[in-house]
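Just so you know, we're using my numbering here: the sequence shown kicks off at 1254 and counts up by one.
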Amino acid sequence: MAAAHVLIAGGGIAGLASALALGRRGHRIELLEQALVFGEAGAGIQLGPNVTRRLQALGVGPALMRIAARPDALVVRSALDGGEIARLPLGNAMLHSYGAPYLCAHRADLHALMLAAVRASGAVTLNTGVRVAEVVARGGAVCASSADARAWESDVLIGADGLWSAVRSCVTDAAPPRTTGHTAWRALVRQSALPRTLRSTQVSVWLGPRLHAVAYPVRRGEALNVVVLAEAAPAGDARDWDQSTSLAALQAATGHTGTALQGLLEAMPSWRAWTLSDRPPLRGPQQMAGERVALAGDAAHPMLPYLAQGAGMAIEDAVALADALGGGPSETVPAALARYADARWQRNAQVQARARRNGDIFHATGLLRAGRDAALRLLGARLLDVPWLYGG
């Protein structure tokens, strides 16, 4: 029996992970990427043990260790006075508890690593400059056509084409994503360019009223990624993930933080910004897959970055998709996609909901903020650890 012919729309992390996982099962893969060249916008990405465990299973674990940083702790501080509120050991503690490391990487490095693995597999045909315009399922096949009148037919189509997915409407509602009113500013700097007091081997989180900031090492610890996330006016085009901005614009939108955090923000050489959007948590498996079309990553379940699991859930989707399809032939695709959706929708919905809830907690004001800080000081690591997520 011949394995399935799989078409994947989208060459980001979700698409490459899906191609890598399915290619290892013997399927014939064609990947369609809208950009003329493969690449990834953004800076840092946190990879919890649930994610690194799956990347190891995909055969890229050793390469990942060569490009990532391994932070030794997660430290929560006040954005106003810089004082430590709570701490969670990472490093060997994560490895001992979950059997896989907690890593931080540059998104472009992770993307390049996965692209190299896909190319080396020999199982994937890569097509660039393809914007999927229409998808039609007919009989035992699905056809995708591009804006320039090219067409591809396959046994199954995976929509891994992100927040503004063109494939999504074939599976579920085509309503646009929700603009949250939150904006993110990011910066990246070589640690050697920073004063020693600002260099870090930790994931540092500063909590403030209606905002928080995160900083962590990437690129083997040689660079520091800094992100400020705040309830502030959208930073322009909601579809643009890489808008030019400045520290002055950040401060105008969020106000000045305390001296300790402000010193780090002022040390950044430049800033980029993007508007945060998401969708409501998934309500059922029908929102992830239909007869011969399935969704993965942000195309199915975009989420706020307040649990640092957007890419993680996409990688989990890819492995689950390969597990469901196995090495089976075209005739088994509809049942396999139903198994995939049944296996994934509740976990993705839980992460979406928890990410929204974390935004409320991180940005708390008044008595809620005081209660949050008191609970973190008392329970510390017990509140910061998430066994249901990292052990899954």
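Ideal Cβ placement from N, Cα and C applies to all residues, glycine included.
Check	Outcome
Residue range of the alpha helix (DSSP H) that includes residue 1559	From DSSP, residue 1559 is part of no alpha helix (DSSP H); its letter is neither H nor E.
For residue 1643, the first and last residue of its enclosing alpha helix (DSSP H)	1640-1643
Where the beta strand (DSSP E) containing residue 1405 begins and where it ends	1404-1407
Integer Cβ distance of residue 1588 from residue 1570, believed to fall under 8 Å	No, residue 1588 and residue 1570 are not in contact; Cβ-Cβ is about 18 Å, not under 8 Å.
Residue from 1442, 1469, 1462 and 1445 whose Cα sits closest to the Cα of residue 1454	1469
Distance cut-off 6 Å: residue 1466 Cβ against heavy atoms of the ligand ADP	Absent from the structure shown: the ligand ADP. Ligands present: none.
Backbone CA spacing between residue 1503 and residue 1461 [nearest angstrom]	14 Å
Reference residue 1306, options 1351, 1337 and 1362, closest by Cα	1351
Residue 1524, DSSP secondary structure in three states	strand
Paired residues, beta bridge with residue 1611 - DSSP	In DSSP, residue 1611 forms no bridge with anything.
Cβ-based burial, residue 1389 [other Cβ within 10 Å; buried from 16]	exposed
Neighbour-count burial assignment, residue 1254, 16 or more Cβ in a 10 Å radius	Note that residue 1254 scores 46 on pLDDT, short of 50, meaning its location in the model is unreliable; the coordinates nonetheless yield the value given after this. It counts as exposed.
Residue 1603 in three-state terms, based on DSSP	helix
Option in 1609, 1597, 1262 and 1604 with minimal Cα separation from residue 1418	1262
Rounded C-alpha distance that separates residue 1371 from residue 1576	18 Å
Sequence-distant residues of the same chain with beta carbon closer than 7 Å to residue 1463, five excluded per side	1483, 1484, 1616 and 1618
Contact between the stretch 1519-1529 and the stretch 1409-1427 (3+ Cβ pairs under 8 Å)	no
Residue 1386 beta carbon less than 7 Å from that of residue 1400	yes
Cross-strand partners of residue 1412 (DSSP beta bridge)	1262 and 1548
The stretch 1358-1365 contacting the stretch 1341-1349, beta-carbon criterion three pairs below 8 Å	no
Distance between residue 1500 and residue 1467 (C-alpha atoms, nearest Å)	16 Å
Residue 1469 - containing beta strand (DSSP E), residue span	1464-1471
Own chain residues within Cβ distance below 7 Å of residue 1325, not counting five before or after	1343, 1344, 1454 and 1455
Residue(s) in a DSSP beta bridge with residue 1297	1359
Collapsed DSSP secondary structure at residue 1333 in the structure displayed	coil
Residue nearest to residue 1356 in terms of C-alpha spacing, selected from 1565, 1532 and 1635	1565
Three CB pairs or more closer than 8 Å across the stretch 1441-1450 and the stretch 1321-1340	no
Cβ neighbours of residue 1545 in the same chain (closer than 6 Å, five flanking residues each side left out)	1390, 1395, 1409 and 1586
Residue 1584 burial status per 10 Å Cβ neighbour count (16 or more: buried)	exposed
Buried or exposed by the 16-neighbour rule on C-beta atoms within 10 Å, applied to residue 1311	buried
Distance CB(residue 1289)-CB(residue 1268) smaller than 7 Å	no
Residue 1398 - containing beta strand (DSSP E), residue span	1394-1399
Beta carbon of residue 1559 nearer than 7 Å to that of residue 1303	no
For residue 1341 and residue 1331, the rounded distance between their alpha carbons	16 Å
Buried versus exposed call for residue 1431 [16 or more other C-beta atoms within 10 Å across all chains shown]	exposed
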